[in-house]
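For the sequence shown, position 124 (counting from the first letter as 1) is numbered 649 according to this note's numbering, and the numbering increases by one without interruption.
For reference, the structure is listed below as structure tokens.
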Amino acid sequence: METKLFSRAQIDDAVKLLAAGELVAFPTETVYGLGALATNEQAVKNVYAAKGRPSDNPLIVTVADEKMMAKYAKEIPVRAQKLIEQFWPGPLTILLFVKPQSLPSAVTGGLDTVAFRCPDDPLTHELITKLGAPIVGPSANTSTKPSPTTAQHVYHDLKGKIAGILDNGATKVGLESTIIDLSVSTPVVLRPGAITPEELSEALGEQVLVNSGQVADKNVPKAPGMKYRHYAPSVPVVVVDHEQDFKQIDYDQTCGVMALNPVLDQIDLPAANKFSLGQNLKDADHNLFAGLRYFDDQSAITKIYVQGFSGSQATLAYMNRLNKAAANQHYLTK
Ligand code: TXA
Ligand code: MG
């Protein structure tokens with residue numbers, strides 16, 4: 526199959542393909558998603574196949590607005606309304622009870638809940654509005670690999686497996702959306718993202734919980750995706766928590782280093798072995814996945830050292846992804 530790249534001028538071609546049950550990747554403010562008509566069971570099954578994703582890991586349903594969501598949610602509680610008003614369109618995914626029989630069970634992995642997301646991207650908004658129905662939207666990477674933040678990343682992973690990619694340049698945020706579960710009595714953040722627990726608590730006027738464990742009790746995975754290895758290049762990743770440790774590491778030509786500019790400047794390695802995370806945490810969010818992909822594609826690199834951050838809720842999303850990429854391996858200060 527030829528994988529076509531579509532620009533804004535070709536959006537109608539992308540809509541036609543989706544309506545016919547084909548797979549088309551789409552831009553969002555977080556990462557690129559892999560789209561398929563959410564009401565078409567075969568199309569949804571093809572998404573799992575293209576990504577190599579386990580079938581018990583449910584898919585996000587991407588909507589144009591609250592009105593579209595209302596067709597598939599059993600009810601929209603007041604809490605959801607408050608969050609939608611404040612954060613949509615934007616990097617917040619909301620878990621609600623699904624309206625029975627409104628979506629193929631392949632979307633929800635057989636669960637009684639469904640994750641809704643309304644991305645802040647004008648092209649994708651137009652795409653879904655013209656389609657007139659929601660699209661499923663897992664990240665458009667091969668399962669276990671870092672999420673794609675450019676159309677080229679999507680092409681690298683999925684060329685020949687999907688019909689097209691709608692290109693709107695590099696994504697803004699760079700890490701996937703915050704997921705909040707509103708199907709339980711106390712709201713819980715299942716995956717940290719750009720919108721912090723603090724901001725959610727403030728918007729709701731009550732304390733939200735943060736899911737620290739990978740999987741909920743009774744062996745029922747609450748956010749099934751969290752139990753899988755994720756974001757991982759094929760070589761080991763090591764988190765460096767303290768900036769000064771970058772000077773202690775015994776580097777050789779097979780090491781890759783990802784850090785902020787002032788840290789990189791002090792490291793004596795060829796430019797090709799360094800990848801800049803930028804100037805600050807926001808830049809680092811934006812660049813993390815691109816850096817992991819950069820080194821993953823170089824056969825000479827056998828280890829990647831990546832700067833860690835701490836000290837505020839704003840670091841939660843970055844550290845969540847980095848710890849998974851590193852399988853929790855941290856550099857031990859000498
Ligand atoms: O920013 C994002 O959310 C991106 C863009 C493309 O929208 N999408 C994304 O999708 O990250 P994905 O499939 O890579 O991650 C969605 C996570 C998975 O861990 C999945 O297990 C969880 O959401 N999820 C989806 N439906 C769920 C449900 N009904 N209950 C619990 N977890 C759910
Ligand atoms: Mg993903």
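All C-beta atoms in this analysis are idealised placements derived from N, C-alpha and C, irrespective of residue type, glycine included.
Because the structure is a prediction, the values reported are computed rather than measured.
Is arginine 533 buried or exposed, if buried means 16 or more other CB atoms sit within 10 Å of its CB? With fewer than 16 other Cβ atoms within 10 Å, it is exposed.
Around the Cβ of glutamine 838, are there at least 16 other Cβ atoms within 10 angstroms (buried) or fewer (exposed)? exposed
Comparing alpha-carbon positions, which option in Ala688, Asp646 and Gly662 lies nearest alanine 640? Gly662
The alpha helix (DSSP H) spanning glycine 816 covers which residue range? 806 to 821
Valine 556 - containing alpha helix (DSSP H), residue span: That residue, valine 556, is in no alpha helix (DSSP H); it is neither H nor E in DSSP.
For serine 630, count the other beta carbons within 10 Å of its own beta carbon; 16 or more makes it buried, fewer makes it exposed. Which is it? exposed
I need the boundaries of the alpha helix (DSSP H) containing glycine 844, first residue and last residue. For the record, residue 844 in the displayed sequence is methionine; it is not glycine. Here the alpha helix (DSSP H) through methionine 844 covers 841 to 850.
Taking 6 Å as the cut-off, is the C-beta of asparagine 848 nearer than that to any heavy atom in ligand 4? For ligand 4, the structure offers nothing, since it holds only ligand 1 and ligand 2.
Taking the alpha-carbon positions, what's the threonine 674 to serine 627 distance? 31 Å
How should glutamate 547 be labelled, buried or exposed, when 16 other C-beta atoms within 10 angstroms of its C-beta is the threshold for buried? buried
Verify whether the separation of the beta carbon atoms of serine 668 and lysine 570 is less than 7 Å. no
For valine 765 versus tyrosine 856, is the C-beta spacing smaller than 7 Å? yes
Keeping to the same chain, check which residues put their C-beta closer than 7 Å to that of leucine 473; ignore five residues upstream and five downstream. Outside the displayed range of the chain (526 to 859) lies residue 473, so it cannot be described from this structure.
Residues that DSSP places opposite methionine 783 in a beta bridge: BP columns for methionine 783 point to Phe800 and Val831.
For leucine 701, is the classification buried or exposed, using 16 other Cβ atoms within 10 angstroms of its Cβ as the cut-off for buried? The amino acid occupying residue 701 in the given sequence is glutamate; leucine does not appear at that position. Under this definition glutamate 701 is a buried residue.
Alpha-carbon to alpha-carbon, tyrosine 843 and leucine 785: 14 Å
On the DSSP letters alone, give me the boundaries of the beta strand (DSSP E) that isoleucine 690 sits inside. 689 to 691
If you draw a straight line from the alpha carbon of threonine 587 to that of tryptophan 613, how long is it in whole angstroms? 12 Å
Residues around ligand 2, please: the condition is that the C-beta lies closer than 6 Å to some non-hydrogen atom of it. Pro663, Ser664 and Ser672
With a threshold of 6 Å, establish whether the CB of asparagine 582 neighbours any heavy atom of ligand 1. For asparagine 582, the Cβ falls inside the 6 Å cut-off from some heavy atom of ligand 1.
Cβ neighbours of aspartate 590 in the same chain (closer than 6 Å, five flanking residues each side left out): In its own chain, leaving out the 5 sequence neighbours on each side, no residue places its CB closer than 6 Å to the CB of aspartate 590.
Any idea which residues DSSP pairs phenylalanine 641 with across the strands? In the DSSP output, where bridge partners are listed per residue, phenylalanine 641 has Val586 and Ile619.
Just how far apart, CA to CA, sit lysine 529 and glycine 699? 23 Å
Give a single yes or no on whether arginine 642 has its beta carbon closer than 6 Å to a heavy atom of ligand 1. yes
By the DSSP assignment, the alpha helix (DSSP H) with leucine 473 in it spans what residues? With the chain covering 526 to 859 only, the question about residue 473 has no answer from this structure.
Measuring CA to CA, which of Leu636, Asn666 and Thr633 is closest to valine 556? Asn666
Classify histidine 650 as helix, strand or coil using the three-state DSSP reduction. Helix.
Within 6 Å: the Cβ of leucine 802 and any heavy atom of ligand 1? no
With respect to 6 Å, is the separation between the Cβ of valine 735 and the closest non-hydrogen atom of ligand 1 below this value? False, no ligand heavy atom lies under 6 Å from that Cβ.
Just to check, is the beta-carbon of glutamate 600 closer than 6 Å to a non-hydrogen atom of ligand 1? no
Start and end residues, alpha helix (DSSP H) containing valine 572: Annotation for valine 572: the continuous alpha helix (DSSP H) segment containing it runs 566 to 576.
Taking the alpha-carbon positions, what's the proline 644 to valine 572 distance? 19 Å
Using 8 Å for Cβ pairs, my map puts valine 714 next to leucine 725. What's the rounded Cβ distance? 7 Å
For alanine 561, write down the residues that DSSP places opposite it in a beta bridge. Val661
Nonlocal neighbours in the same chain, by C-beta distance under 7 Å from arginine 818, ignoring five residues either side: Closer than 7 Å at the Cβ level, and outside the excluded window around arginine 818, lie Pro671 and His678.
Report the rounded CA-to-CA distance for alanine 757 versus lysine 849, giving the unit in angstroms. 7 Å
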